[in-house]
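Using this note's numbering, read the sequence shown as starting at 364 and increasing by one per residue.
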Amino acid sequence: MWNKNRFTMIFSDSIESYIRRHDLLRHDGFYVVALSGGADSVALLRVLLALGYRVEAAHCNFHLRGMESNRDEAFCVALCESLHVGLHRIHFETEVYAQAHGVSIEMAARDLRYRYFKQLRQDIQANAVCVAHHSDDQVETILLHLLRGTGLAGLQGMKPRNGTVVRPLLSVSRQQILDYLAGLSQSYVTDSTNLEDNVKRNKLRLRVLPLLEEINSSAREHILHMSEHLQEAAAIVDHAVSDVLKAIRLDGDGYDLRRLASYPAPHYVLWHLLHGRGFNSTQIDEIARHGLEHGTWKSATTVVLIHQGQLYILDRESWETLPPMLVIPETGVYVYPAGTKGESETRFRLCVEDVTPDFIIRKSPDVAAVDAARIRFPLTLRTVQTGDRFSPFGMRGTKLVCDFLKDRKIPFPARRHQLVLTDAQGNIIWVVGLRIDNRFAIVPGRSQRALMISR
């Protein structure tokens, strides 16, 4: 005969063992439980309370299932009142958010949920947010990753801890959770959409996994064991990949693809580097094939730029933002605005000084001194453009600015943001921070006044 009390104790002990093994929670900590009202999250709340952890619950009403959504919220309120647990609630216009951001309803709900949990955790100073993913969820996640195309990271599935999100139930199955709740005579709500065979995860749950278990009754267990082994192996692989990336790292967030080619499994190193930045397997394959050529590839958030065997990873918003231009009508103080994310504004000061016998030009990349008599306002401060040419001070003839920057070992992406100061005719006066033009240089004994430019 089934002993309910004994089963609930065994279940609780197994969860506590898993928590300790992965160092997920501490008994002197404070945690938020993501509570939907479904069996999984209700079991998570009950077992953590039974184990003596200090928790509060958080419920999101996404308003996606009409009266069911309000029913779920009411259930969570009643449950937390009966357990004397604090409950935080929030309502979302999920469909509006999805349409505004061009994402699916599922992705919108996920984004809203985790953004709220992150803010709530900070507001109430909780140590972590506990979510109720279990071993069946893990199996489905691994299979979904496999079907989409994945590598070592995807085959590991969900990790017990992901930053401040922890998953204490990953070691138990859905059926064990239901048995635990039955042992407590604890009710829960059922999401009708979970029973509908209309989305990928539910197709796996209701159709594919039963077929796999017909082929091998231990299919789930084997998939979970593979995940655990790969999580251990990944620690070794990640360490090795990190060493390779350090060895091929260039200045300016770049990587030397020629050096990468000399290491084992260069394609995997590229995958490791780019997959988490939104690039899919097809894009990464293409980047690997054209690694020593020129090219630009984009994901939703990132730009990969390859130039002469060097790969650079750039923020897409910054890359696609048009650089600002500043017109300087006369001497004074001017602020060049921050053109891209992560940059700060730059203050430029222009003034005129007499060139006396004891006049000294300070050697600094932040200062330029030019012959004021040769300067024609208004000046323009802008980024370098294709075809820009100047006569570098101390050199004969003219040189393309892009070639000058290359000779100075300026990383390719940084050249795009290099500032130049030009006169009213468009002649380059100063490649900012690097070199003035010969035509505007101060000539000892001849120049009488200097235009001093500093930043």
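Positions of the beta carbon are idealized from the N, C-alpha and C atoms, including for glycine.
Since Gln673 sits in a beta bridge, which residues does DSSP pair it with? Note: Gln673 sits in a beta bridge opposite Asp619 and His670.
Distance, Cα to Cα, Arg725 vs Leu677? Taking the straight line joining both Cα atoms gives about 35 angstroms.
At the level of alpha carbons, what is the spacing between Ser754 and Leu593? Each residue's Cα considered, the two are about 59 angstroms apart.
Would DSSP call Lys726 helix, strand or coil? Three-state DSSP puts Lys726 in coil, outside helix and strand.
Sequence-distant residues of its chain with Cβ nearer than 8 angstroms to His585 (five each side left out): Short of 8 angstroms from the beta carbon of His585, and not among the five residues preceding or following it, lie these beta carbons of its own chain, in chain order: Asn579.
Taking only the alpha-carbon atoms, compute the straight-line gap between Asn525 and Val764 and give it to the nearest angstrom. For Asn525 and Val764, the gap between their C-alpha atoms comes out near 46 angstroms.
Write down every uninterrupted run of the alpha helix (DSSP H) in the stretch 556 to 605 whose length is 4 residues or greater and which is fully enclosed by it, in chain order. The alpha helix (DSSP H) runs of length 4 or more contained entirely in the stretch 556 to 605 are, from start to end of the chain, 563 to 566 and 572 to 578.
Those residues which DSSP pairs with Ile453 across a bridge: Paired residue(s): Cys423.
How many Å lie between Ile816 and Leu515 at the Cα? Computed Cα separation, rounded: 54 angstroms.
Check whether the stretch 388 to 403 touches the stretch 486 to 504, taking contact to mean three or more Cβ pairs, one atom from each stretch, closer than 8 angstroms. Yes, the stretch 388 to 403 is in contact with the stretch 486 to 504.
Taking the beta carbon of Phe455 as the centre, do at least 16 other beta carbons fall within 10 Å, making it buried, or is it exposed? In this structure Phe455 is buried. Its beta-carbon is surrounded by 16 or more other beta-carbon atoms within 10 angstroms.
Look at the alpha carbon of Ser727 and the alpha carbon of Gln519, and state the distance between them as a whole number of angstroms. Spanning the two alpha carbons is a distance of roughly 52 angstroms.
Along the chain, where does the alpha helix (DSSP H) containing Asp770 start, and where does it finish? That run of the alpha helix (DSSP H) goes Val764 to Asp770.
Report yes or no: do three or more beta-carbon pairs, one from the stretch 492 to 501 and one from the stretch 453 to 469, lie closer than 8 angstroms? Taking 8 angstroms as the limit for Cβ pairs, the verdict is that the stretch 453 to 469 does not touch the stretch 492 to 501.
Three or more C-beta pairs closer than 8 angstroms, one from the stretch 539 to 551 and one from the stretch 421 to 437: is that the case here? No, they do not touch.
With a floor of 3 residues, list each beta strand (DSSP E) that falls wholly inside the stretch 709 to 759, ordered by position along the chain. Restricting attention to beta strand (DSSP E) runs no shorter than 3 residues, the stretch 709 to 759 encloses them at 709 to 717, 730 to 734 and 742 to 746, ordered along the chain.
What are the boundary residues of the beta strand (DSSP E) that includes Thr785? Where Thr785 is concerned, the enclosing beta strand (DSSP E) stretches over Leu782 to Thr785.
Where does Thr527 fall in DSSP's three states? Three-state result, Thr527: coil.
For the alpha helix (DSSP H) that contains Val870, what are its first and last residues? The chain is shown only over 364 to 818; residue 870 falls outside these bounds and no answer can be derived.
Under the assumption that His497 contacts Val535 (Cβ atoms under 8 angstroms), give the Cβ distance between them as a whole number of angstroms. Between the beta-carbon of His497 and that of Val535 there is about 6 angstroms, and that keeps the pair under the 8 angstroms contact cut.
Please name the residue, chosen from Leu575, Tyr626 and Asp717, that lies closest to Arg812 on a Cα-to-Cα basis. Residue nearest to Arg812 within the set Leu575, Tyr626 and Asp717 is Asp717 (criterion: CA-CA distance).
Exposed unless 16 or more other CB atoms sit within 10 angstroms - verdict on Ala787: Residue environment analysis places Ala787 among the exposed positions, since fewer than 16 neighbouring C-beta atoms fall within 10 angstroms of its C-beta.
Helix, strand or coil for Ser678, going by three-state DSSP, please let me know. The identity of residue 678 in the sequence shown is Asp, whereas the question assumes Ser. In the three-state scheme derived from DSSP, where H, G and I count as helix and E and B as strand, Asp678 is classed as strand.
Assign Gly617 to one of two classes, buried (16 or more other C-beta atoms within 10 Å of its C-beta) or exposed (fewer than that). Burial state of Gly617 is buried, judged by a 10 Å Cβ sphere holding 16 or more other Cβ atoms.
Does Gly639 come out as helix, strand or coil in the three-state DSSP assignment? Helix, per DSSP.
Check this for me: beta carbons of Gly400 and His422, under 9 angstroms apart or not? Yes, the pair counts as a contact, with Cβ atoms nearer than the cut-off.
Start and end residues, beta strand (DSSP E) containing Met815: Element bounds for Met815: Arg812 to Ser817.
Rounded C-alpha distance that separates Gln671 from Asp770: Going from the Cα of Gln671 to the Cα of Asp770 covers about 14 angstroms.
Local conformation of Asp500 per DSSP, three classes: In the three-state reduction of the DSSP assignment, Asp500 falls in the helix class, which pools H, G and I.
Three-state class that DSSP yields for Met364 in the structure shown: Any answer about Met364 is weak, because its pLDDT of 44 lies below 50 and its placement is not dependable; what the coordinates show is given next. Assignment of Met364 by DSSP, reduced to helix, strand and coil, places it in the coil class.
By the 10 Å Cβ neighbour count, where 16 or more other Cβ atoms means buried, how is Cys443 classified, buried or exposed? The residue is buried, with at least 16 neighbouring Cβ atoms inside 10 Å.
Do you know offhand how far Met758's Cα is from Asp734's? Met758 and Asp734 have their alpha carbons spaced roughly 18 angstroms apart.
With a threshold of 7 angstroms on Cβ separation, who are the neighbours of Thr371 within its own chain once the five nearest residues in sequence on each side are excluded? Here the set comprises Tyr543, Gly546 and Leu547.
Are the beta-carbon atoms of Leu742 and Met688 separated by less than 9 angstroms? It is not a contact, given that the beta carbons lie outside the stated cut-off.
Are the Cβ atoms of Tyr699 and Thr709 separated by less than 9 angstroms? Against a cut-off of 9 angstroms, the Cβ pair of Thr709 and Tyr699 comes out as a contact.
Give the C-beta separation of Leu814 and Val690 to the nearest angstrom, bearing in mind that I take them to be a contact with Cβ-Cβ under 8 angstroms. With 8 angstroms as the limit, Leu814 and Val690 do not qualify as a contact, their Cβ atoms being about 16 angstroms apart.
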